[in-house]
Amino acid sequence: MQNPKVWSFHEPQSSFKVQQLLATDISIKNFQNFHFSHLISVFVPDSLSIPENLPTKLIEDCEYYKVAKLNLADLVEAVFLNSFIKKGKLSLLSIGTKIDADNCCAVTPDGNLILSLLKDTYQSCGLEGKVSHFTKTNKDRYIVTVNLAELKPGKPLHGKTQKSLEALGKFDVILSWQPYDDIICPSSVAKYFQNYDIKLCEPTFDSHMVYSVKGPTLDSVANQDDIIDFVEWLGMVSLDADFSGNMENYVNTYESPEPNVEMGQVRVLTWRGFYSSNQVMEVFDYLRNYNNVQNKLWISMYVQGFSDSPVIEGKEEQNYFTNGDNCNVYILKELQCWFCKHRTCAKRYK
Amino acid sequence: MSNYYYLDIKLILANPEEVTPAFYKKNILEAVKQLFGETGASIPIDILKFNSETLEAILRVPKSHYIKIRSSLVLSGKYEGIRCIYSIQKSTPLLLALQGDSRNYNH
């Protein structure tokens, strides 16, 4: 009898795509579909001082609101549709709900309410949806999309949707609203939900320096493997990990990728909160200009999405197997930009 | 994609005592050896970051051995004769992603 195959277990797959572009070719199109960003890190080599105005870029006017036990039926009220969905970009995301175990909801800035529902909830709520990509075999999760922008109050579909949403239960959510008209204050949305337990949330900011490290110089002809090594090095810097390892070391054999130079310091700036694609684009714009003026060896930005968001980019569905990673890395060097996308794999696990 | 997987783990001891990174790694290798034999003990594991107070560590393991190491950690119950468990806080193929997780963030 053959021995059981206990030695060939494959790791959960993931995807990491690298695209090399001209820095000037990066536009809002590269950001706008990545709806919800949670953590943003910026890496600046050989910089003793924090780039001017940069820390406040993702603090000022980046507040959002946390609403407890929101009844989703309120999102389809005629007043709400006319005042907020049609007159601005609403971003809303459920928190404290796990995409692999609970019902989750989100409203994307293009006006779509996306619900990721468990089988029982889906079958009892009466909304039309489709089975989740990740549970095609056992069909225990369903995705429902309601286009709020096209919902017409007074029509039968509106009434039916409102009744179904009412039956879904309540969600703790975070939300922000960006009006099309500058004279309207984004805090108007908080006023609308004043009957709820609502809290203003501010992003958090943290900064640290890593001193005397060997930093990769990154050739302009860097291939995918070079970029992967570079991104790993960024990870080492972001975690302030141990750079003293070498091939002879028992505990840690990590060495900085080559070619590298001795760097006096690398500054890491980290923000956490609830960011829209426009806010991320603004920071990228700032870094692009900063890089042109300061002529740094390179500058990098890392953007991480929410692990439990029903959608990642556009309508791409999110899954949580061993992790819910959905991140983008931007590396600016002179006129070039490497744009890396990391996602958990779309493989269906049984 | 990267050839590695990264694990953010924490060693919880029944009777707390001082642990050095070398002994931490030795115990992980012993756990792998116990479950998968001598060949398992030759897997190159790196401790990229170690906190001696909380006994938290960030491990880098070859992705082809990720499942074996994770299962060994889950089943490991002894550290130098003391009862212990390994809590796996996050695992990812992207080291940058260990900076934080929206699941544990308080808004």
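Here the protein sequences line up with chains A and B, keeping their order.
So in my numbering the end of the first sequence lands on 656, straight run, no missing numbers.
So in my numbering the end of the second sequence lands on 127, straight run, no missing numbers.
By construction, the Cβ of each residue, glycine as well, lies at the ideal position given by its N, Cα and C atoms.
Bounding residues of the alpha helix (DSSP H) (the contiguous stretch that carries residue i)
i, result
"residue 368 of chain A", "That residue, residue 368 of chain A, is in no alpha helix (DSSP H); it is neither H nor E in DSSP."
"residue 468 of chain A", "462-473"
"residue 637 of chain A", "Note, residue 637 of chain A: premise wrong, no alpha helix (DSSP H); beta strand (DSSP E) at 632-639."
"residue 54 of chain B", "41-56"
"residue 103 of chain B", "Here residue 103 of chain B belongs to no alpha helix (DSSP H); instead the beta strand (DSSP E) covers 102-112."
"residue 142 of chain B", "Summary: the structure shown does not reach residue 142 of chain B, with chain B confined to residues 21 through 127, and so no result is reported for it."
CB of residue i within 9 angstroms of CB of residue j, strictly
i, j, result
"residue 342 of chain A", "residue 580 of chain A", "yes"
"residue 459 of chain A", "residue 387 of chain A", "yes"
"residue 624 of chain A", "residue 329 of chain A", "no"
"residue 572 of chain A", "residue 515 of chain A", "yes"
"residue 399 of chain A", "residue 479 of chain A", "yes"
"residue 472 of chain A", "residue 378 of chain A", "yes"
"residue 357 of chain A", "residue 592 of chain A", "yes"
"residue 345 of chain A", "residue 649 of chain A", "no"
Cutoff 9 angstroms: residue i Cβ touching any chain B Cβ
i, result
"residue 341 of chain A", "no"
"residue 558 of chain A", "yes"
"residue 542 of chain A", "yes"
"residue 317 of chain A", "yes"
"residue 611 of chain A", "yes"
"residue 375 of chain A", "no"
"residue 628 of chain A", "yes"
"residue 440 of chain A", "no"
"residue 578 of chain A", "yes"
"residue 370 of chain A", "yes"
"residue 397 of chain A", "no"
DSSP state of residue i mapped onto helix, strand, coil
i, result
"residue 520 of chain A", "strand"
"residue 342 of chain A", "coil"
"residue 557 of chain A", "coil"
"residue 495 of chain A", "helix"
"residue 619 of chain A", "strand"
"residue 512 of chain A", "strand"
"residue 627 of chain A", "coil"
"residue 403 of chain A", "coil"
Cβ of residue i within 9 angstroms of any chain A Cβ
i, result
"residue 110 of chain B", "yes"
"residue 119 of chain B", "yes"
8 angstroms contact criterion, which residue i and residue j should meet: CB distance rounded
i, j, result
"residue 420 of chain A", "residue 614 of chain A", "No, residue 420 of chain A and residue 614 of chain A are not in contact; Cβ-Cβ is about 13 angstroms, not under 8 angstroms."
"residue 67 of chain B", "residue 45 of chain B", "6 angstroms"
"residue 559 of chain A", "residue 566 of chain A", "About 16 angstroms separates the two Cβ atoms, so there is no contact after all."
"residue 52 of chain B", "residue 92 of chain B", "4 angstroms"
"residue 563 of chain A", "residue 535 of chain A", "4 angstroms"
"residue 115 of chain B", "residue 521 of chain A", "With a Cβ gap of about 16 angstroms, residue 115 of chain B and residue 521 of chain A do not count as contacting."
"residue 417 of chain A", "residue 364 of chain A", "That pair is no contact at about 25 angstroms."
Limits of the beta strand (DSSP E) - the one that residue i falls within
i, result
"residue 445 of chain A", "First-last for residue 445 of chain A: undefined, no H or E at that position."
"residue 413 of chain A", "410-413"
"residue 507 of chain A", "503-507"
"residue 82 of chain B", "76-82"
"residue 576 of chain A", "566-581"
"residue 478 of chain A", "476-485"
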